[in-house]
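Engineer: Have a look at the structure that comes next, please.
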Amino acid sequence: QVQLVESGGGLVQAGGSLRLSCAASGSMFNINAMGWYRQAPGKLRELVASIIINGGRTTNYADSVKGRFTISRDNAKNTVDLEMNSLKPEDTAVYYCNAMTRWAYSYWGQGTQVTVSS
């Protein structure tokens, strides 16, 4: 089992920045990748960014956040952070931390609200 706890959400004005952090605990041995997803009201949950945990640091970003968001990891601390810059109102959503095993099973955090005012 893996437990994920997010922190760092909040309210920010458009153009501002926020940093989300995800602390993972439990059995991390089979975790292959971690990432951040978001879900806005009335919309499907979507991938924001992901990073490989084992065997490299390959990252993947949604087109809508490329150049503005940066995902990073600290394997020693079992944390994955999401640095969000130049925030837009359309970035408003609940952001969820995700950990995926090598068999594509996902663990999820409880979510943290990010609200960007115009």
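Using my numbering, the letters of the sequence shown correspond one by one to residues -8 to 109. All C-beta atoms in this analysis are idealised placements derived from N, C-alpha and C, irrespective of residue type, glycine included.
Does the distance from the C-beta atom of F60 to that of E74 stay below 8 Å?
Structural biologist: Yes, the pair counts as a contact, with Cβ atoms nearer than the cut-off.
Engineer: Looking at the structure shown, is S108 part of a helix, part of a strand, or coil, going by DSSP?
Structural biologist: The answer is strand: DSSP assigns S108 an E or B state.
Engineer: Run through the stretch 11 to 97 for me and flag every whole beta strand (DSSP E) of 3 or more residues, listed as ranges in chain order.
Structural biologist: Counting only runs of 3 or more, we get 22 to 30, 37 to 43, 50 to 52, 60 to 65, 70 to 75 and 84 to 92.
Engineer: In three-state DSSP terms, what is G7?
Structural biologist: Of the three classes helix, strand and coil, the one that applies to G7 here is coil, per DSSP.
Engineer: According to the Cβ coordinates, are I44 and R64 closer than 8 Å?
Structural biologist: Yes. Within cutoff.
Engineer: What are the start and end residues of the beta strand (DSSP E) that includes Q(-6)?
Structural biologist: Element bounds for Q(-6): V(-7) to S(-2).
Engineer: Are the CB atoms of V112 and T83 nearer to each other than 8 Å?
Structural biologist: Absent from the model: residue 112. The displayed extent of the chain is -8 to 109, so no value can be given.
Engineer: Helix, strand or coil, according to DSSP, for G102 in the structure here?
Structural biologist: Coil.
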